[in-house]
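Below: one structure, written as structure tokens.
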Amino acid sequence: MSKKNKTLYIMILTAAAGVCFAQSPRSLVNEGNRLYAQQDYPGAAELYEQAAESESAVAAYNLANARLKEGRLEDAVNAYLQALSLAGDQSGKLKHDIRSNLARAYYELSSQKTKEDPEAAISDLDSCISTLRDSARFTDDKSQTARNIELARVKQEMLRKMLEQQKQQQQKQQQSKQDIQDQLENQQQKQQQLSGQDPSEQQSKEQQQQLSEDTQQTLDQMKEHAEKYNDQQMQDAAKDVEKAAEKQQQAREQMESEEPEKQQQAKQSQQQAADELSEALKKLGEDGEEQGEKQDGQQQEDRQPQEQDEQSQQPRQPQQDQQQEQNGQPQHAEPEDIINKERENRSQRVRMIGEYKPVEKDW
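Numbers given in this note's numbering equal positions in the sequence shown, counted from 1, plus 19.
Right, dumping it as structure tokens:
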């Protein structure tokens, strides 16, 4: 074989190898669908991601579905948005399904953020509602979309009420804490003054008794506050006030004695009580994150728009004809958790239309 022919032979082999190893978007989606059916969502997503590089709306949609299954909601939202941008001349059904599942992703995002950031959850529900409204343009059956919009609105209202309750609760908590701090500051100053007076005087004894009673009352308030608001800072400060109350009681007992040594010990006990009150004030004044759990309204379980059955949750597959793309899949509704007390007797069965059977499309 001549050198020229040998070179040509090598080039042909190289080209053939490229054909063997390069995968088309169609084959990538097929393989991704196989992994998706096996619930290997990360593996399927990796293949869909490669296919999506070909600017295929279907591949981007399948990738978004896989991310949704993985629970990677932010990534799912981004992939659905990419699918929307690529779905220019695709069928109205695909455009509807992309929007429906995008709305569902926004809804699930809101559920994730309900406890930590309810304001962000409300914003995600705004996106959910606007996306659902947009999806209604691409379907004749708008009843399910209307139900899902209502569900999102109900959840929004619940979150707004919860936010308002939280703000009111925080205001009450802060006011309670401030009142306790003011009382402790006043009691600490009085205790400091008493430690410099003659403990044998009747007036000093009476003042110490009254101060002990006031301190005990404040201690009770602190314990109640700490339990009600699960306030660790208040609980720690209460331990110091408890020590102060014990020192005050010692001082009262020592002040009743006429022995000079006991009188001196009474002054020391009074000073120690003042020091403990100062320590409590210091702890209450420290900056720190608010302790405790949010209120009961935040602990309610979220109701979610339902998925379709497992068959209709499959990604799309390549096909030779377009007929199967037009055929809807059987759908079913699952029971929803009750979103709040107002709707306890009106439990709804809701589903999101959108997770589509594997696409049947040629590239």
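No residue lacks a Cβ here, since even glycine has one placed at the ideal position from N, Cα and C.
Computed from a predicted model, the values in this text were never measured in an experiment.
Legend entry - Touching by the beta-carbon criterion (3+ pairs, under 8 Å), the stretch 260-279 and the stretch 219-233: Contact check between the stretch 260-279 and the stretch 219-233: three or more CB pairs, one atom from each, fall below 8 Å, which counts as touching.
Inset, instruction - Could you tell me whether the stretch 190-207 touches the stretch 236-248, using the rule of 3 or more Cβ pairs below 8 Å? - result: A contact exists between the stretch 190-207 and the stretch 236-248.
Legend entry - Segment limits, alpha helix (DSSP H) that includes PRO137: For PRO137, the enclosing alpha helix (DSSP H) covers residues 137-154.
Legend entry - Inter-stretch contact (C-beta, 8 Å, three-pair minimum) for the stretch 283-300 and the stretch 255-265: Yes, the stretch 283-300 is in contact with the stretch 255-265.
Legend entry - DSSP-derived helix/strand/coil call for GLU183: Here GLU183 sits in helix by DSSP.
Legend entry - Endpoints, alpha helix (DSSP H) assigned at GLY304: Run containing GLY304: 279-304, per the alpha helix (DSSP H) assignment.
Legend entry - Straight-line gap, ILE117 to GLU50 (C-alpha atoms, nearest Å): A straight line joining the alpha-carbon of ILE117 with that of GLU50 spans about 21 Å.
Inset, instruction - Please name the residue in GLN290, ASN81, SER46 whose C-alpha comes closest to that of LEU213. - result: Ranking GLN290, ASN81, SER46 by Cα distance to LEU213 puts GLN290 first.
Inset, instruction - Could you check the C-alpha separation between ALA285 and LEU303 for me, to the nearest Å? - result: So the two alpha carbons sit approximately 27 Å from each other.
Inset, instruction - Identify whether GLU220 lies in helix, strand or coil by the three-state DSSP scheme. - result: Of the three classes helix, strand and coil, the one that applies to GLU220 here is coil, per DSSP.
Inset, instruction - Classify GLN163 as buried or exposed, calling it buried when 16 or more other Cβ atoms lie within 10 Å of its own Cβ. - result: Buried, since its Cβ has 16 or more Cβ neighbours within 10 Å.
Inset, instruction - Decide if the stretch 152-159 is in contact with the stretch 111-125; the criterion is three or more beta carbon pairs, one per stretch, under 8 Å apart. - result: Yes, they touch.
Legend entry - Among ASP160, LEU113, ALA64, SER223, nearest to GLU272 - alpha-carbon criterion: Nearest of ASP160, LEU113, ALA64, SER223 to GLU272, Cα basis: SER223.
Legend entry - GLN210 classed as buried or exposed, judged by whether at least 16 other C-beta atoms fall within 10 angstroms: Counting the other Cβ atoms within 10 Å of the Cβ of GLN210 gives 16 or more, which makes it buried.
Legend entry - the stretch 53-64 touching the stretch 83-98, judged by at least three CB pairs closer than 8 Å: Counting C-beta pairs closer than 8 Å gives three or more between the stretch 53-64 and the stretch 83-98, which meets the contact rule.
Legend entry - Beta-carbon gap between ALA140 and THR133 smaller than 9 Å: Yes, these two residues count as a Cβ contact at 9 Å.
Inset, instruction - Starting from the C-beta of GLN207, find all residues in its chain whose C-beta is less than 7 Å away, skip the five residues before and the five after it, and write them out in chain order. - result: Result list for GLN207: ALA293, LEU296, SER297, LEU300, in chain order.
Inset, instruction - Work out the CA separation of GLN287 and GLU277 for me, nearest whole Å. - result: Their backbone Cα atoms lie some 16 Å apart in a straight line.
Legend entry - CA-to-CA distance, GLY107 to ASP94, given in whole angstroms: Near 21 Å, if we compare the C-alpha coordinates of GLY107 and ASP94.
Inset, instruction - Taking GLU135 as the reference, give the member of GLN109, ALA124, LEU170, LEU178 with the closest Cα. - result: The shortest CA-to-CA distance from GLU135 to any of GLN109, ALA124, LEU170, LEU178 is the one to LEU178.
Legend entry - Where ILE358 falls: helix, strand or coil (DSSP): Because ILE358 carries a pLDDT of 38, less than 50, the predicted location of this residue cannot be relied on, and the following value inherits that uncertainty. Looking at ILE358 - three-state DSSP - the assignment turns out to be coil, as it is neither helix nor strand.
Legend entry - Beta-carbon proximity of GLN175 to LEU144, cut-off 9 Å: The Cβ-Cβ distance between GLN175 and LEU144 falls below 9 Å.
Legend entry - PRO44 vs ALA70 beta-carbon contact at 9 Å: At a Cβ-Cβ threshold of 9 Å, PRO44 and ALA70 count as neighbours.
Inset, instruction - Could you check if LEU103 is buried or exposed, using at least 16 other CB atoms within 10 Å of its CB as the buried criterion? - result: By the 16-neighbour rule on beta-carbons within 10 angstroms, LEU103 is buried.
Legend entry - As assigned by DSSP and simplified to three states, the class of ARG123: If DSSP states are grouped into helix, strand and coil, ARG123 belongs with the helices.
Legend entry - ASP217 burial status per 10 Å Cβ neighbour count (16 or more: buried): Exposed, since its Cβ has fewer than 16 Cβ neighbours within 10 Å.
Legend entry - Neighbour-count burial assignment, ARG123, 16 or more Cβ in a 10 Å radius: So ARG123 ends up on the buried side.
Legend entry - Contacts around MET253, its chain only, beta-carbon distance under 6 Å, and the 5 residues preceding and following it disregarded: If we look at MET253 and ignore the five residues flanking it on each side, its Cβ neighbours are MET241, HIS244, ALA245.
Inset, instruction - Can you give me the Cβ contacts of LYS161 inside the same chain, cut-off strictly under 7 Å, excluding the 5 residues immediately before and after it? - result: Short of 7 Å from the beta carbon of LYS161, and not among the five residues preceding or following it, lie these beta carbons of its own chain, in chain order: ALA155.
Legend entry - Endpoints, the alpha helix (DSSP H) within which GLN57 is located: Taken as a continuous stretch (DSSP letters only), GLN57 belongs to no alpha helix (DSSP H), as it is neither H nor E.
Inset, instruction - May I ask you to report which of helix, strand or coil DSSP gives ARG172? - result: Annotated three-state conformation of ARG172 is helix, per DSSP.
Inset, instruction - Just the C-alpha distance for ASP250 and LYS196, rounded to the nearest angstrom, thanks. - result: The straight-line gap from Cα to Cα measures roughly 10 Å.
Inset, instruction - Could you pull out every residue in the same chain whose Cβ sits closer than 7 Å to the Cβ of LEU47, ignoring the five residues on either side in sequence? - result: Around LEU47: LEU66, GLN69, ALA70.
Legend entry - Separation of LEU82 from ALA64, as counted between CA atoms: Rounded to the nearest whole angstrom, the CA to CA distance from ALA64 to LEU82 is 5 Å.
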